[in-house]
Each structure stands twice: as C-alpha cells, then as structure tokens.
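In our numbering, the protein residues as written are 2 to 241. Positions of the beta carbon are idealized from the N, C-alpha and C atoms, including for glycine.
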Amino acid sequence: MTILELENVSKTYGGGPTEVHALSHVSLSVEAGAFVAVMGASGSGKTTLLSIAGSLENPTSGEVRIDGRPLSSMSRNDKARLRRRSIGYVFQDFNLLNGLTAVENVSLPLELDGLPAKKAQAVAMEVLDGLGLSERASSYPDQLSGGESQRVAIARAVVGERRLLLADEPSGALDSTNAEAVMRLVLAACHRGVGAVVVTHDAHLASWADRVVFLRDGRVIDQTMPPAGPESLLAPSPEL
Ligand code: ADP
Ligand code: MG
C-alpha cells in the first residue's frame with residue numbers, strides 16, 4: 002500500500018531572472034511502514050519536497066497522492082482535514098506552542114479534529130508515556146530541553162491515526178544520544194505502519210532508513226534500495 006506518491010513534481014519560485022527551480026521532476030513512492038531518509042546539501046530542495054508532500058505548498062507541476070488521493074483534486078478544507086488527521090509534520094525548530102503544556106501541544110491536533118478535550122488529553126498522555134515523557138506532561142516548552150522538545154514534537158506528529166510522518170531535520174539541533182532517540186521513535190512509528198520521510202544530514206542516522214534519497218539542485222540523483230530478499234532469486238528470469 003502506497004501512502005505517499007510524488008509523480009514528476011516540479012516547484013519553481015519567483016520568475017524571470019530570479020527564478021529558482023527548487024524541485025525538478027521528482028518522483029517518489031513511500032509505502033506503509035517504510036522509512037525513507039532524504040539527504041542533500043543546503044538549498045537542494047529537501048524542505049520544499051517535504052512541504053509539498055505535506056500539502057503545505059502546491060507543486061508548480063506534477064501530482065501528489067496521499068493514500069491514493071490526488072491533492073490537486075482536494076479543496077483547502079479537504080487538505081486541512083488531511084493535515085489534522087493523516088499527516089504528522091515535525092519542523093526543525095520544533096514549533097511547539099509556548100502557551101501550551103507538553104500534553105496540550107500533543108492533544109491539540111485531536112481537539113482541533115473534534116475530540117473532547119479530556120479524551121484528547123488522555124490519548125496524548127498515552128503517547129507521551131510511551132516516549133518516556135509522562136513526568137514532563139505539564140511542563141511548558143521553555144522548561145523542556147532540546148531533546149525533550151523534539152520528542153514532544155514527534156509525539157504531536159504521531160498522535161491519533163496518522164499514516165504519514167514528515168520530519169525536516171528533526172535531529173539537527175540535538176546531540177547524538179537524543180538524535181538516536183528521535184530516530185528510534187520514527188522507526189517505532191514505521192513498525193506500526195506509518196510511512197516516514199525524514200530529512201537528515203547525518204549519514205549514520207540515514208543508515209537506519211529502508212531507503213535513502215539524495216537530492217541535488219532539486220533533482221533526485223540517487224536512491225539506495227534495501228537489499229533484494231532471497232525470493233528475488235526464485236523469480237523467473239526475464240528472458241525465459
Ligand atoms: P533545503 O531544505 O534542501 O535547504 P529548500 O527546499 O529550502 O532547500 O530550498 C530549495 C531552493 O528553493 C533554494 O534555492 C531556496 O533558496 C529556494 N526557496 C525555498 N523556498 C523559497 C521561497 N519561498 N521563495 C523563493 N525561493 C525559495
Ligand atoms: Mg531545509
């Protein structure tokens with residue numbers, strides 16, 4: 002089952018002499034449960050790729066499908082609902098709301114989606130508990146360390162029945178211990194069937210992924226595939 006599909010997606014910013022081709026003819030499929038890492042130099046289009054995949058921006062051309070549904074056919078309301086229910090987005094700088102506690106930050110998407118506050122907070126507490134953060138639930142973001150903030154941001158991105166996790170350098174600001182903890186959370190989500198696309202500049206962290214996609218100047222220049230399983234040896238050879 003394909004959760005996310007980008008088909009021949011291009012994105013151009015500006016026009017005339019200042020035109021920037023942030024993405025050129027990018028195609029990418031992410032299956033349920035797959036963990037895809039995206040690597041590339043600064044300015045290569047990684048953030049643009051994630052924001053288009055997350056329906057935060059529209060492509061200039063090409064199509065994006067989430068759970069088989071083309072985004073181009075959806076209204077703004079449809080897309081907003083999709084972002085509340087199905088897509089978890091983790092920003093590099095956490096983007097937690099400072100006026101809300103950790104548990105309120107995590108329960109917010111559920112409340113926005115109509116779940117009563119008490120119920121939403123109970124679900125959020127469960128997720129925080131699973132991430133070893135229950136004792137920080139009533140802390141405000143400025144009372145949390147960087148590692149704790151990013152774990153809360155991930156909790157917010159995976160709460161509910163989310164199918165797609167998009168994370169933009171979620172470990173960029175963290176030391177290696179916290180960065181690995183973040184990657185473990187992503188892996189755990191994938192084991193539950195979530196498809197994940199994670200931007201990282203750390204090759205060691207990228208090696209945890211099933212597949213690494215390399216971007217340069219808005220183009221996919223390389224993709225590593227998981228090694229073929231033994232069943233590939235049993236497939237009939239094409240020339241027979
Ligand atoms: P990365 O995340 O890999 O650093 P980005 O996707 O942020 O790269 O940017 C890709 C290119 O698109 C860069 O040249 C950047 O300057 C340009 N770009 C990104 N967003 C905008 C925007 N809103 N307006 C104009 N140019 C942009
Ligand atoms: Mg970026």
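Leaving out five residues before and five after Glu162 in sequence, what residues of the same chain have Cβ atoms less than 8 Å from its Cβ? Arg86, Ser87
Buried or exposed for Leu241, please, with buried defined as at least 16 other CB atoms from any protein chain shown within 10 angstroms of its CB. Residue placement at Leu241 is poorly supported in this model, since its pLDDT is 47, which falls under 50; the coordinates still yield a value, given next. Per the 10 Å Cβ criterion, exposed.
Which residues in the same chain as Thr49 place their Cβ atom closer than 8 Å to its Cβ, once the five residues preceding and following it in sequence are excluded? Lys12, Ala23, Leu24, Glu58, Gly219
State the Cα-Cα distance for the pair Ala204 and Phe215, rounded to the nearest angstrom. 11 Å
Alpha carbon to alpha carbon, how far is Met126 from Leu134? Give it in angstroms, no decimals. 9 Å
Would you check if the distance between the CB atom of Leu206 and the CB atom of Phe36 is smaller than 8 Å? no
Arg163: first and last residue of the uninterrupted beta strand (DSSP E) it sits in: Element bounds for Arg163: n/a, residue is neither H nor E.
Please report the Cβ distance between Arg248 and Gly55, rounded to the nearest whole angstrom; I am assuming they are in contact, meaning their Cβ atoms lie under 8 Å. This structure does not reach residue 248, given that the chain is present from 2 up to 241, and the question cannot be answered.
Any chance the CB of Lys47 is under 7 Å from a heavy atom of the ligand MG? yes
Taking the alpha-carbon positions, what's the Ser74 to Pro60 distance? 13 Å
What does DSSP give as the partner residue(s) for Met40 in the beta ladder? Phe215
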